[in-house]
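K.L.:
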Amino acid sequence: MSLIKSPIRYHQPRKPSTLSVIWRMRTHLAFTLTPIILLPILFSFPQSQDEARCGYCVGIMAVYWVMEVIPLAVTALLPMVLYPLLGLMASNDVAQMYLPDISFLFIGGLMVAVAVQKCKLHNRVALFVLTIVPPQPCWIMLGFMLVTAFLSMWISNTATAALMVPIANSVIIELVKTLQDSLLGEAVVEDRHNENSDGRRKSLGTFSTRDPTEILSKDEHQMAKGLLISVAFGANIGGTGTITGTPSNLVLLGQIKEIFPLADTDINFISWMVFALPLVTACLFMTWLTLVLIFFRKASKGHQTIKDKLKQKYDELPSLSFAEICVSICFLILLTLWITRDPYVVPGFGTLFKTGHKILFENLRLIFLEFFKTFSYSPKKFRYVTDTTSAMLIAIILFAVPIQKPDFFGKSENVETLLDWKTMQAKFPWSVVLLLGGGFAMAAGVKESNLSYRVGEMMQLLQMFPVNVIMAICIFITIFLTNICSNTVTASIFIPIVAELAKSLEIHPLYFMIPTALSSSMAFTLPVATPPNAIIFASGLLHVKDMLLAGTLATIECGLLAILFMMTWATYLFELDKFPLWAYTPAELVYRNHTLFDLLTNATAK
Numbered sequence: 001m002s003l004i005k006s007p008i009r010y011h012q013p014r015k016p017s018t019l020s021v022i023w024r025m026r027t028h029l030a031f032t033l034t035p036i037i038l039l040p041i042l043f044s045f046p047q048s049q050d051e052a053r054c055g056y057c058v059g060i061m062a063v064y065w066v067m068e069v070i071p072l073a074v075t076a077l078l079p080m081v082l083y084p085l086l087g088l089m090a091s092n093d094v095a096q097m098y099l100p101d102i103s104f105l106f107i108g109g110l111m112v113a114v115a116v117q118k119c120k121l122h123n124r125v126a127l128f129v130l131t132i133v134p135p136q137p138c139w140i141m142l143g144f145m146l147v148t149a150f151l152s153m154w155i156s157n158t159a160t161a162a163l164m165v166p167i168a169n170s171v172i173i174e175l176v177k178t179l180q181d182s183l184l185g186e187a188v189v190e191d192r193h194n195e196n197s198d199g200r201r202k203s204l205g206t207f208s209t210r211d212p213t214e215i216l217s218k219d220e221h222q223m224a225k226g227l228l229i230s231v232a233f234g235a236n237i238g239g240t241g242t243i244t245g246t247p248s249n250l251v252l253l254g255q256i257k258e259i260f261p262l263a264d265t266d267i268n269f270i271s272w273m274v275f276a277l278p279l280v281t282a283c284l285f286m287t288w289l290t291l292v293l294i295f296f297r298k299a300s301k302g303h304q305t306i307k308d309k310l311k312q313k314y315d316e317l318p319s320l321s322f323a324e325i326c327v328s329i330c331f332l333i334l335l336t337l338w339i340t341r342d343p344y345v346v347p348g349f350g351t352l353f354k355t356g357h358k359i360l361f362e363n364l365r366l367i368f369l370e371f372f373k374t375f376s377y378s379p380k381k382f383r384y385v386t387d388t389t390s391a392m393l394i395a396i397i398l399f400a401v402p403i404q405k406p407d408f409f410g411k412s413e414n415v416e417t418l419l420d421w422k423t424m425q426a427k428f429p430w431s432v433v434l435l436l437g438g439g440f441a442m443a444a445g446v447k448e449s450n451l452s453y454r455v456g457e458m459m460q461l462l463q464m465f466p467v468n469v470i471m472a473i474c475i476f477i478t479i480f481l482t483n484i485c486s487n488t489v490t491a492s493i494f495i496p497i498v499a500e501l502a503k504s505l506e507i508h509p510l511y512f513m514i515p516t517a518l519s520s521s522m523a524f525t526l527p528v529a530t531p532p533n534a535i536i537f538a539s540g541l542l543h544v545k546d547m548l549l550a551g552t553l554a555t556i557e558c559g560l561l562a563i564l565f566m567m568t569w570a571t572y573l574f575e576l577d578k579f580p581l582w583a584y585t586p587a588e589l590v591y592r593n594h595t596l597f598d599l600l601t602n603a604t605a606k
């Protein structure tokens, strides 16, 4: 019997479909086609070419940011190219927008945060707080939210989540009363400290894991989900509590100075905390109740072993090191300087240093006093010493203080300091600084070309609604956008628009600008919305539907709380019930006072 060999069949690779090819090339296509597709914008304002050119630039940046065609920080550099080429702003003027006073405040604050992480002081603080909460799962979750929110006020939310998730894993292990060292495995997260404004869809880390449902019961699985989600919510909410806690707050300050050069808002580190901390507390409490109702309804009354495990971890920490003590002292000094520079109740130390008037405003004031005698607006003198001065002072000191107790009589050696440049280069989020600067540069072009005025005119269609309804629309549009692109990008694009809208309706600009900045940090819904969301989702314990349910409820609650606080506490604190004269441009001030002078003259003649 002869054996007949069957013909060899070679595997023919399946030809990829046209759609799959286009999908793989989407970023390249978007990079190439976006400037071509948006060309009609250049002809949309025939009477004002500058507005059309600026709209073209902003459109390209918005598409690149949303689709992440190139790194977000690289997109932020486009004004350096497009504005000079299209004749909107000189290159030198654009470059100055990238490192204003606000950016250095961010740099100084993050330098201190890097020093805190280097000596692991934040780990000690987190474990200490968790050991003093009651052993019931719902209270442990509240402890996680409070610790995460507090840390997120001072260090990036990415770093905070990367710290807290492994601790949460230890608690989850105790929920099933097992001493295995890895239920989900140790979180391997390379923290680039990129805040929730950069690299948001990059791989943030992986968790080596077994299927959680094989180990956890249904109720325990629910509690584990709630614990992880509480970490993400705490990180996102906590950052809004301080000016330096999230880049979107700094975008707000920078845009105020850029859009309204005569602005006298009384917003500084202490006044922002007085406003924001009650809101943060209310948001944390409401989201905690929501998570308890969703995930902890059948939780057991107590898990003393959880608290014992956390206490054991805290006891295993070495004694307080010299570096931790020094960093704590520097941190407390910085807080003291920020709080006492201009505390409002009494004169701060900032009054001891030189002050002055803005040249532009001083010239206008003298003109009005000379010719019209009607100029009554007199803002505070600007300070030469700001919160940035304090932040940079402490940051510089960190590079000089040794990490170990110095031995002046011992052998001379190169002693490591609390913060060194190698650590600074490795952990500092330089991309966020460029992203902030790009937002400021974009806003400068929008103002210079009068595009913001044009957009504000178009949005006057909203004036048919009550003011608070308009504010609610702004908040929830911002929340929708921040779930699909970075919060810094969202704030940079939307804050100038709502500022011009408020001005056109003669509403205090901060009444729309502050809630827009706050809501840009309310990215609770999608795993890709912010790095903390992505970190907890990578655990393998969560499904998208879990985050959608809890995130949607948290979004509604925090949005409504923001509206309530703006209508009450913020209005009282910042006097938002009056339209300020500083919202006018210098030209508008001249016209307004000249018109007032004519009216007074005509009334006198009659």
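Those letters in the sequence shown? Residues 1 to 606, per the UniProt record's numbering, in order.
A virtual CB, placed ideally from N, CA and C, is assigned to each residue, including glycine.
Values in this document were obtained by computation on a predicted structure and should not be read as measured data.
Check whether the Cβ atoms of residue 431 and residue 73 sit closer than 7 Å, and answer yes or no.
P.N.:
Yes, the Cβ-Cβ distance between residue 431 and residue 73 is below 7 Å.
K.L.:
Are there 16 or more other CB atoms within 10 angstroms of the CB of residue 151, so buried, or fewer, so exposed?
P.N.:
The residue is buried, with at least 16 neighbouring Cβ atoms inside 10 Å.
K.L.:
Where does the unbroken alpha helix (DSSP H) through residue 104 begin, and where does it stop?
P.N.:
From DSSP, the alpha helix (DSSP H) with residue 104 extends over 101-118.
K.L.:
Give every residue of the same chain whose Cβ lies closer than 7 Å to the Cβ of residue 493, excluding the five residues on either side of it in the sequence, and list them in chain order.
P.N.:
Only 62 meet the Cβ criterion.
K.L.:
Leaving out the 5 sequence neighbours to the left and right, which residues in its chain are closer than 8 Å to residue 128 when beta-carbon positions are compared?
P.N.:
The residues are 314.
K.L.:
Would you tell me roughly how many angstroms separate the C-alpha atoms of residue 48 and residue 569, rounded to the nearest one?
P.N.:
Approximately 41 Å between the Cα atoms of the pair.
K.L.:
Whole angstroms are fine: how far does the CA of residue 433 sit from the CA of residue 53?
P.N.:
About 26 Å.
K.L.:
Residue 276: which of 264, 294, 237 sits nearest, CA to CA?
P.N.:
Out of 264, 294, 237, 237 has the C-alpha closest to the C-alpha of residue 276.
K.L.:
Could you name each continuous alpha helix (DSSP H) segment of 4 residues or more that falls completely within the region 450-509, going from the start of the chain to the end?
P.N.:
The qualifying runs are 451-458, 467-482, 487-504.
K.L.:
Under a Cβ-count criterion, where at least 16 other Cβ atoms within 10 Å of its own Cβ denotes burial, should residue 512 be classed as buried or exposed?
P.N.:
Buried is the call here.
K.L.:
Who does residue 402 pair with in a DSSP beta bridge?
P.N.:
Looking at the DSSP assignment, residue 402 forms a beta bridge with 417.
K.L.:
Residue 80 and residue 94 look like a contact to me (Cβ under 8 Å); what is the Cβ gap, rounded to whole Å?
P.N.:
Yes, residue 80 and residue 94 are in contact; Cβ-Cβ is about 6 Å, under 8 Å.
K.L.:
For the candidate residues 460, 437, 340, whose alpha-carbon lies nearest to that of residue 101?
P.N.:
With distances taken between Cα atoms, residue 101 lies closest to 437.
K.L.:
Whole angstroms is fine: what's the gap from residue 482's alpha carbon to residue 490's?
P.N.:
Their backbone Cα atoms lie some 6 Å apart in a straight line.
K.L.:
Does the beta-carbon distance from residue 75 to residue 64 come in below 7 Å?
P.N.:
Yes. Within cutoff.
K.L.:
How would you write the range of the alpha helix (DSSP H) that residue 64 sits in, first residue to last?
P.N.:
Its alpha helix (DSSP H) spans residues 49-67.
K.L.:
Assuming the contact rule is C-beta atoms closer than 8 Å, residue 522 and residue 479 should be a hit. Round their C-beta distance to whole Å, please.
P.N.:
Indeed they touch by this definition, with Cβ atoms about 5 Å apart.
K.L.:
So, is residue 530 buried or exposed, given that buried needs 16 or more other C-beta atoms within 10 angstroms?
P.N.:
Classification of residue 530: buried, given that the 10 Å Cβ count is 16 or more.
K.L.:
So, are the CB atoms of residue 444 and residue 557 less than 7 Å apart?
P.N.:
No.
K.L.:
Would the region 226-236 and the region 138-150 be scored as touching if the rule is three or more Cβ pairs under 8 Å?
P.N.:
The region 226-236, when compared against the region 138-150, does touch it at the 8 Å Cβ threshold.
K.L.:
Indicate whether at least one CB of chain C lies closer than 7 Å to the CB of residue 577.
P.N.:
Any reference to chain C falls outside this structure, which holds one protein chain only.
K.L.:
For residue 220, count neighbouring Cβ atoms within 10 angstroms of its own Cβ and tell me buried if that reaches 16, exposed if not.
P.N.:
Label assigned to residue 220: buried.
K.L.:
Quick one: give me the first and last residue of the alpha helix (DSSP H) that residue 258 is part of.
P.N.:
Residue 258 -> alpha helix (DSSP H) spans 247-259.
K.L.:
For the region 122-138 and the region 398-408, state whether three or more C-beta atom pairs, one from each stretch, are separated by less than 8 Å.
P.N.:
As far as the Cβ criterion goes, the region 122-138 does not touch the region 398-408, which means the pair count is below three.
K.L.:
Where does residue 309 sit, in a helix, a strand or coil, going by DSSP?
P.N.:
It is helical.
K.L.:
If residue 610 sits next to residue 499, beta carbons under 8 Å apart, how far is it from one beta carbon to the other, in whole angstroms?
P.N.:
With the chain represented from 1 up to 606, any question about residue 610 goes unanswered, as that position is not in the structure.
K.L.:
Specify, as a first and last residue, the run of the alpha helix (DSSP H) that residue 297 falls within.
P.N.:
Premise fails: residue 297 is in no alpha helix (DSSP H) and is neither H nor E.
K.L.:
If you measure between the beta carbons of residue 327 and residue 116, is that distance less than 7 Å?
P.N.:
For residue 327 and residue 116, yes; Cβs fall inside 7 Å.
K.L.:
On a CA-only basis, which of 550, 534, 583 is nearest residue 165? Give me that one, please.
P.N.:
Considering only alpha carbons, the answer is 534.
K.L.:
What number of angstroms, rounded off, separates the C-alpha of residue 379 from the C-alpha of residue 470?
P.N.:
Low confidence applies to residue 379: its pLDDT is 48, below 50, so where it sits in the model is not reliable enough to give any reading.
K.L.:
Report the residue from 135, 141, 66, 40 whose alpha carbon sits nearest the alpha carbon of residue 31.
P.N.:
If we check each option's Cα against that of residue 31, 66 comes out closest.
K.L.:
Give the secondary structure of residue 524 by DSSP, where H, G and I count as helix, E and B as strand, and everything else as coil.
P.N.:
Of the three classes helix, strand and coil, the one that applies to residue 524 here is coil, per DSSP.
K.L.:
Report the option in 580, 571, 562 whose CA atom is closest to the CA atom of residue 608.
P.N.:
Within the shown structure, residues of the chain are numbered from 1 to 606, placing residue 608 beyond reach of any answer.
K.L.:
Which of the three DSSP states, helix, strand or coil, is assigned to residue 578?
P.N.:
Coil at residue 578, not helix or strand.
K.L.:
Apart from the five residues just before and just after residue 551, which ones in its own chain have a Cβ nearer than 7 Å to its Cβ?
P.N.:
Contacts found: 524, 525.
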